[in-house]
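Using my numbering, the first residue of the sequence shown is number 5, and each one after it goes up by one.
All C-beta atoms in this analysis are idealised placements derived from N, C-alpha and C, irrespective of residue type, glycine included.
Note that this is a predicted model, so its numbers are computed, not measured.
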Amino acid sequence: MTANRQTFNLTKIVAGIVLGMGVLAASVVLGVNYAVDQAVGIDARTKAEDWAKYFINTLPDLDRLLATGKLDERQNAVVATAAKVGNVFRFKLYDAAGNELLESDAAKFDRNAGNDHLDNEAKEVAETKLARIALNDGSKERNMPPLYAEAYVPVFKANGALRTIVETYVDETRVASFFKTTFQALAISLGLGMALAFGAPTLAFLLRTKQAREVKQRVEFLASHDPMTSLLNRRSLAERLLQRIATRPADNCLAVVFLDVDDFKLINDSYGHEAGDEFLKHVASSITAFCQPDDFVARAGGDEFIITLGRDTEDSVMATVEAMMTAVREPLTARGHRISGQVSAGVHILGNTVTSVEDALHNADVALYQSKLDGKNTARLFSDEMEVRMRARRELELLVREAARDRSFELYYQPLVDVRSRYCLGFEALLRLKNKDGVPVPPTVFIPVAEQIGLIEEIGNWVIEEATRTAALWPDAMYVSINLSVKQFASGRLAATVRAALENSDLAPGRLELEVTESLLMENTATVARQLAAIKAFGASIAMDDFGTGYSSLGYLWQFGFDKLKIDRSFITALTADENKARDILDTIVTLAHRLGMKVTAEGIETDRQASILEALSCDQFQGYLYGKPLPMGDIGAYLLQRFHAVAIAPVSGGFPGGPLRRTPGSGLRGRHRLRAWPFTFPVS
Ligand code: C2E
Ligand code: MG
Ligand code: MG
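Here it is in structure tokens:
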């Protein structure tokens, strides 16, 4: 569109210059002709007057001739030579009334008789007493020069009365040609001079104006468009959306779509920013390919695009969005890389009630957010419940961010008990977070949020530091188990973090266990395996948590070298519903795990029945409310002491949910923290 306008402007300028030059040339031609006529006229008049003066002065006895009209001998001689003087090639003589007396062409110079020789022009000159001159084209007349002047010159007496009229025919052909050449040369040099004097500055002015206009257009374009994709910017789209809302037909289904590239950072990091830019252009063209003339597309910055779509139905809006998303997924080759990417979309259909542009954009953004939460590469339609969920989610995000910043998380510790001895072998560290009203938020709720907003590594590192520091205060034989998120393996720094925490806390690596879930095995297995191997190499052990809720692949377990398998609570709960079936499954899991050299922990033991079944199946460790709920750090001492006293007062089981904890004879008071914190140890079986 811009290129067309520029061509059009240039055409106008060129046409203007050509027209100007045409007008200039025409006026030069007219001007030269006029000037030539004027100059020739003056020349002819001078010549005619000079000749008339010469003739009158040379002709003897003029008054007699005027009176008689007859030439004598001497006069005849003068007349004969006079016709050859100067450029006059013909002449006539009239009396004071305008009657022709003689004519140089006539065979005989004689006075003609009668009034029919009264010359009208001569008569007019006689009456007005003014000279007359006319330039004539003689090219079509016989025996005449191509250009000649016919001049009537009145000759006066001393008293001012008209004496005679002399008519001369002056050949002006050569003079006119001379004047024409001279004036043309003058006009050309003048024209060139003027062209230089005025044309160059005019041209410069025109070019400057054109440049200024182009700069203005560019500035206007940049103010309303994204320079990289040439799409509108957010502000311009909002303006157009406002107009669109005001003018749309009542039955039109108008939608605002937010489209965001999934994991765009990954594309940039993997292929470089230039390839990233190419991908964004690919997204832009994929979107515009499905737009209609009154749809608008903007790049809202970064990897986010906003589209307004006017369609007949909601279905056709969604179909268009799906088509755009499919087109984006087409791989492209940029900077030598084959790049595949995808987008998520949030769609808000504007209802018939008046919606503000801000609300429409906000709602589409909420829907986009939902599609990201729902696993990306998908489109979601805005609903009011979505808004409520989104608000809660944003509050939760804020809570997690603030807790990470202020270190206001807490760690609780849940006992892990040996099945045969019922000794407390250690504790699992469990993260706790309270909302602003002091109500606990379950980790199953806030941990995925921390993972999604990229804070889990920071939080997880804090858990590792805090839990190892706390565990170092416990009796030497007790271990701590720490949960890890898959995302903590992403940076590749996990092993180093664990090692540093062990060194800083002075906790023996053998007293640390790390729990991971099955989802880990589905992610980048090579890097995960390397890091798990590194952690195992310096003496910590690894446990598979929540076994049975994912793929339950024992092959993977063996491959990754897990030391322990924690059977998910759901299997233990299942014992209550269908004991036989659940027991068979549990039997299989325990047997297979043992065959693979792993210990087995049963999670969620709440009843003695569950405990006795799993004991019969040779399960190794128990974790559950039956033996203790997760406790704050400060309650651990009391918990252990209480159980120890229970043993002392009532050696047989009872009184405390986990059964007796026995003191082990000969367990030394080793470790430098023990005396400060714990009077007794609780041996591992
Ligand atoms: P998990 O690792 O399987 O932890 C055991 C969960 O089961 C804990 O829930 C615990 O309170 C609960 N539990 C234990 N015994 C019983 C029982 O007898 N009955 C019932 N109903 N529940 C029992 P919690 O603390 O809510 O933690 C939930 C999950 O959050 C954990 O499951 C773990 O996957 C995750 N999590 C907790 N802390 C952390 C952490 O520091 N980092 C990571 N990445 N995840 C954590
Ligand atoms: Mg766990
Ligand atoms: Mg678990």
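Is the beta carbon of residue i sitting closer than 8 Å to the one on residue j?
| i | j | result |
| --- | --- | --- |
| residue 485 | residue 547 | yes |
| residue 567 | residue 602 | yes |
| residue 158 | residue 133 | yes |
| residue 619 | residue 576 | no |
| residue 392 | residue 433 | no |
| residue 369 | residue 262 | yes |
| residue 609 | residue 627 | yes |
| residue 265 | residue 347 | yes |
| residue 505 | residue 529 | no |
| residue 79 | residue 63 | yes |
| residue 535 | residue 477 | no |
| residue 232 | residue 285 | yes |
| residue 156 | residue 125 | yes |
| residue 36 | residue 191 | yes |
| residue 47 | residue 176 | yes |
| residue 587 | residue 579 | yes |
| residue 353 | residue 389 | no |
| residue 40 | residue 138 | no |
| residue 630 | residue 611 | yes |
| residue 401 | residue 453 | yes |
From this set, the options, which residue's C-alpha is nearest residue i's C-alpha?
| i | options | result |
| --- | --- | --- |
| residue 362 | 282, 245, 328, 475 | 245 |
| residue 136 | 154, 641, 394 | 154 |
| residue 383 | 391, 59, 374 | 374 |
| residue 638 | 646, 587, 416, 456 | 416 |
| residue 441 | 403, 612, 615 | 403 |
| residue 169 | 295, 524, 107, 278 | 107 |
| residue 604 | 561, 228, 160, 239 | 561 |
| residue 43 | 149, 162, 184 | 184 |
| residue 554 | 305, 573, 522, 394 | 522 |
| residue 414 | 435, 423, 544 | 435 |
| residue 593 | 156, 326, 571, 518 | 571 |
| residue 495 | 29, 532, 513 | 532 |
| residue 281 | 339, 236, 293 | 339 |
| residue 483 | 291, 307, 237, 512 | 512 |
| residue 633 | 448, 421, 445, 510 | 421 |
| residue 481 | 537, 48, 431, 580 | 431 |
| residue 475 | 515, 32, 142 | 515 |
| residue 302 | 243, 272, 327, 510 | 243 |
| residue 507 | 470, 45, 524 | 470 |
| residue 365 | 70, 310, 487 | 310 |
| residue 203 | 424, 102, 344, 25 | 25 |
| residue 257 | 357, 331, 209 | 357 |
| residue 461 | 437, 502, 254 | 502 |
Please tell me whether, using a cut-off of 7 Å, the distance from the CB of residue i to the nearest non-hydrogen atom of ligand 3 is below it.
| i | result |
| --- | --- |
| residue 491 | no |
| residue 380 | no |
| residue 591 | no |
| residue 572 | yes |
Measuring only from the beta carbon, is residue i closer than 7 Å to any heavy atom that is part of ligand 1?
| i | result |
| --- | --- |
| residue 456 | no |
| residue 629 | yes |
| residue 411 | no |
| residue 464 | yes |
| residue 434 | yes |
| residue 563 | no |
| residue 546 | no |
| residue 418 | yes |
| residue 467 | yes |
| residue 529 | no |
| residue 451 | yes |
| residue 479 | no |
Confirm the yes/no value for this check: CB of residue i, any heavy atom of ligand 5, distance under 7 Å.
| i | result |
| --- | --- |
| residue 608 | This structure lacks ligand 5; the ligands present are ligand 1, ligand 2 and ligand 3. |
From the DSSP output, which residues share a beta bridge with residue i?
| i | result |
| --- | --- |
| residue 311 | 261, 301 |
| residue 430 | 420, 483 |
| residue 286 | The partner list for residue 286 (beta bridge, DSSP) is empty, contrary to what the question assumes. |
| residue 158 | 169 |
| residue 635 | 417 |
| residue 152 | 140, 175 |
| residue 627 | 607 |
| residue 122 | 103 |
Original post:
Which residues count as close to ligand 2 when the rule is a CB under 6 Å from any of its heavy atoms, in chain order?
Top reply: 432, 487, 519, 549
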